[in-house]
Amino acid sequence: MKGEYYCFINGKIIPSEQAFVHISDLGLLRSYAVFDYFRVNNGKPFMLAQHLKRFRNSAKELRLPFNYTDQNIKDIIEQLIEKTNKPTAGIRLVLTGGNSKNGMSIAEPNFFIAIEKLPDYPEELYREGVHLKTFEYQREVPTVKSTQYLNAIKHEPIKKQYNVYDILYFYKDEVLEVPRNNFFIFKDDVLVTAKENVLKGITREQILKLAASDFKVEERKLLLDELSSADEAFISGSTKKIIPVVNIDSHPIGNGCVGENTKRLMLLFDQLINQL
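In this note's numbering, the protein residues as written are 258 to 533.
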């Protein structure tokens with residue numbers, strides 16, 4: 258049926274509500290799985306090659322065998338877009354450790370590609386910006402996009418407790434990332450983001466390229482005490498794009514409003530997406 262969401266799983270395309278993994282799957286038992294997620298605009302995947310490269314790197318890091326070629330995956334995604342008839346959507350790739358006999362050994366991986374409704378975010382987030390709360394934590398394997406989000410979910414109540422949009426991780430005074438997005442500041446018209454111990458987001462990569470034509474860009478260690486002197490800040494991700502940050506730990510960033518440099522990058526990034 259046109260409009261229904263579909264999923265490719267282990268060689269078959271079926272309605273998403275019929276897609277299941279076995280109880281012995283290591284992704285379920287041990288969170289031993291990798292994933293990637295990206296948007297589809299006007300029926301075209303955004304930065305597909307970059308996402309597939311990261312997906313392969315994540316699988317390699319976890320020693321998960323993966324035999325699909327990029328062309329295989331492109332063809333499957335095209336079929337899902339056509340079958341679902343959703344020109345704007347999200348695509349999720351997942352590769353698990355497979356159905357393990359003993360709950361520890363990697364088996365034949367389960368691989369699926371799901372096409373999903375792209376999340377909607379309120380316009381006021383982009384217009385007014387959001388608040389963050391710092392929290393000391395570093396992900397175990399930050400360079401791998403794994404399904405292990407135990408601490409991110411565990412920390413959800415902190416967001417409600419402090420009435421903030423998200424948590425900003427730091428470790429040993431080094432500012433890192435938010436659970437599902439990268440983090441940036443502008444300081445004296447210089448764009449700064451963490452270089453190490455973070456997931457190298459595809460949106461992050463594009464923002465750095467876009468910014469290089471207008472601003473000085475620094476990938477380096479970003480210290481916690483630099484937040485108080487930041488002029489602007491924002492987070493970035495595949496679905497959120499660029500969301501301004503106007504307050505951290507109840508202290509305003511700059512004048513507490515969305516900055517002009519951030520607005521400039523938001524415009525450039527939207528133009529990049531709309532070129533699809």
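No residue lacks a Cβ here, since even glycine has one placed at the ideal position from N, Cα and C. A quick note: this is a predicted structure, and the numbers were derived from the prediction, not measured.
Practice task
Reducing DSSP to helix, strand and coil, say where K343 ends up.
Solution key: Taking the first residue of the sequence shown as position 1, residue 343 is located at position 86. Of the three classes helix, strand and coil, the one that applies to K343 here is coil, per DSSP.
Handout entry: Through-space distance from F526 to C514, alpha-carbon basis
Key = Within the sequence shown, residue 514 is the residue found at index 257, counting from 1. Within the sequence shown, residue 526 is the residue found at index 269, counting from 1. Counting only the Cα atoms, F526 lies some 20 angstroms from C514.
Exercise for the section: Confirm, please, whether the CB-CB distance from I510 to E483 is below 8 angstroms. Expected result: Start at 1 with the first residue of the sequence shown, and residue 483 comes out as number 226. Start at 1 with the first residue of the sequence shown, and residue 510 comes out as number 253. The answer is no: Cβ separation not under 8 angstroms.
Exercise for the section: Could you say which of E397, K343 and P366 lies nearest to L433 if we only look at CA atoms? Expected result: The residue labelled residue 433 in the question sits at position 176 within the sequence shown. With distances taken between Cα atoms, L433 lies closest to E397.
Practice task
Pull up the distance between the alpha-carbon of R349 and that of I372, whole angstroms please.
Solution key: Indexing the sequence shown from 1 puts residue 349 at position 92. Indexing the sequence shown from 1 puts residue 372 at position 115. If you take the alpha carbons of R349 and I372, they lie about 6 angstroms apart.
Exercise for the section: Would you mind stating whether I500 and Y426 have Cβ atoms separated by less than 8 angstroms? Expected result: Here residue 500 refers to the residue found at position 243 when the sequence shown is read from its first residue. Here residue 426 refers to the residue found at position 169 when the sequence shown is read from its first residue. Not a contact, by the Cβ cut-off of 8 angstroms.
Exercise for the section: Indicate the three-state DSSP secondary structure (helix, strand or coil) for G268 in the structure shown. Expected result: Locating residue 268 in the sequence shown gives position 11, where the first residue counts as 1. Reduced to three states, the DSSP call for G268 is coil.
Exercise for the section: Could you tell me if I378 is buried or exposed, where buried requires 16 or more neighbouring beta carbons within 10 angstroms of its beta carbon? Expected result: Walking along the sequence shown from the start, residue 378 turns up at place 121. One point to set straight first is that residue 378 is Tyr, not Ile, in the sequence displayed. Per the 10 Å Cβ criterion, exposed.
Practice task
Give me whichever residues DSSP pairs with H388 in a beta bridge.
Solution key: Sequence index remark: in the sequence shown, residue 388 carries index 131 (1-based). For H388, which the question treats as bridged, DSSP gives the partners N504.
Handout entry: Secondary structure of G354, DSSP reduced to three states
Key = As a first step, residue 354 is located in the sequence shown; it is residue number 97 there, counting from the start. G354: coil per DSSP, three-state reduction.
Handout entry: Collapsed DSSP secondary structure at K473 in the structure displayed
Key = Taking the sequence shown and counting its residues from 1, one reaches residue 473 at position 216. For K473, the secondary structure class from DSSP, reduced to helix, strand or coil, is strand.
Problem - Neighbourhood of S357 by C-beta, 6 angstroms cutoff - its chain only, sequence neighbours within 5 removed - result: Taking the sequence shown and counting its residues from 1, the one referred to as residue 357 is at position 100. The answer, listed in chain order, is S281, L283 and A364.
Problem - Buried/exposed call for N420, threshold 16 Cβ in 10 Å - result: Walking along the sequence shown from the start, residue 420 turns up at place 163. Burial is judged here by how many other beta carbons sit within 10 angstroms of a residue's own beta carbon; N420 has fewer than 16 and is exposed.
Handout entry: Contacts around N408, its chain only, beta-carbon distance under 7 angstroms, and the 5 residues preceding and following it disregarded
Key = Indexing the sequence shown from 1 puts residue 408 at position 151. Cβ-Cβ distances below 7 angstroms link N408 to Y394 in the same chain, with the five nearest sequence neighbours on each side left out; the list follows chain order.
Handout entry: Cβ-based neighbour list, F295, same chain, cut-off 8 angstroms, excluding 5 preceding and 5 following
Key = Numbered from 1 along the sequence shown, position 38 holds the residue referred to as residue 295. Excluding positions up to five away in sequence, the list reads P302, F303, M304, L305, H308, G347, I348, I459 and S495.
Practice task
Decide yes or no for the touch test of the region 471 to 480 against the region 442 to 452: beta carbon pairs closer than 8 angstroms, at least 3 of them.
Solution key: Three or more beta-carbon pairs separated by less than 8 angstroms link the region 471 to 480 to the region 442 to 452, which places the two stretches in contact.
Handout entry: Simplified DSSP state of S493, which is helix, strand or coil
Key = Within the sequence shown, residue 493 is the residue found at index 236, counting from 1. Per DSSP, reduced to three states, the secondary structure at S493 is strand.
Problem - Three-state secondary structure (DSSP) of R296 - result: What you label residue 296 is simply residue 39 of the sequence shown in a count that begins at 1. It is a strand residue.
Handout entry: Own chain, CB closer than 8 angstroms to R521, minus 5 neighbours either side, in chain order
Key = Looking up residue 521 in the sequence shown gives position 264. If we look at R521 and ignore the five residues flanking it on each side, its Cβ neighbours are D471.
Practice task
For I410, count neighbouring Cβ atoms within 10 angstroms of its own Cβ and tell me buried if that reaches 16, exposed if not.
Solution key: As a position in the sequence shown, residue 410 is number 153, starting the count at 1. Under this definition I410 is an exposed residue.
Practice task
Taking only the alpha-carbon atoms, compute the straight-line gap between L286 and K444 and give it to the nearest angstrom.
Solution key: For the purposes of this step, residue 286 is identified with residue 29 of the sequence shown, where counting begins at 1. For the purposes of this step, residue 444 is identified with residue 187 of the sequence shown, where counting begins at 1. Near 44 angstroms, if we compare the C-alpha coordinates of K444 and L286.
Problem - P272 versus Y263: straight-line alpha-carbon distance, rounded - result: In the sequence shown, counting from the first residue as 1, residue 272 sits at position 15. In the sequence shown, counting from the first residue as 1, residue 263 sits at position 6. Spanning the two alpha carbons is a distance of roughly 4 angstroms.
Practice task
Using a threshold of 8 angstroms, state whether the C-beta atoms of V291 and K402 are closer than that.
Solution key: What you label residue 291 is simply residue 34 of the sequence shown in a count that begins at 1. What you label residue 402 is simply residue 145 of the sequence shown in a count that begins at 1. Yes. Within cutoff.
Problem - Beta-carbon proximity check, F312 vs D293, cutoff 8 angstroms - result: Indexing the sequence shown from 1 puts residue 312 at position 55. Indexing the sequence shown from 1 puts residue 293 at position 36. Yes, these two residues count as a Cβ contact at 8 angstroms.
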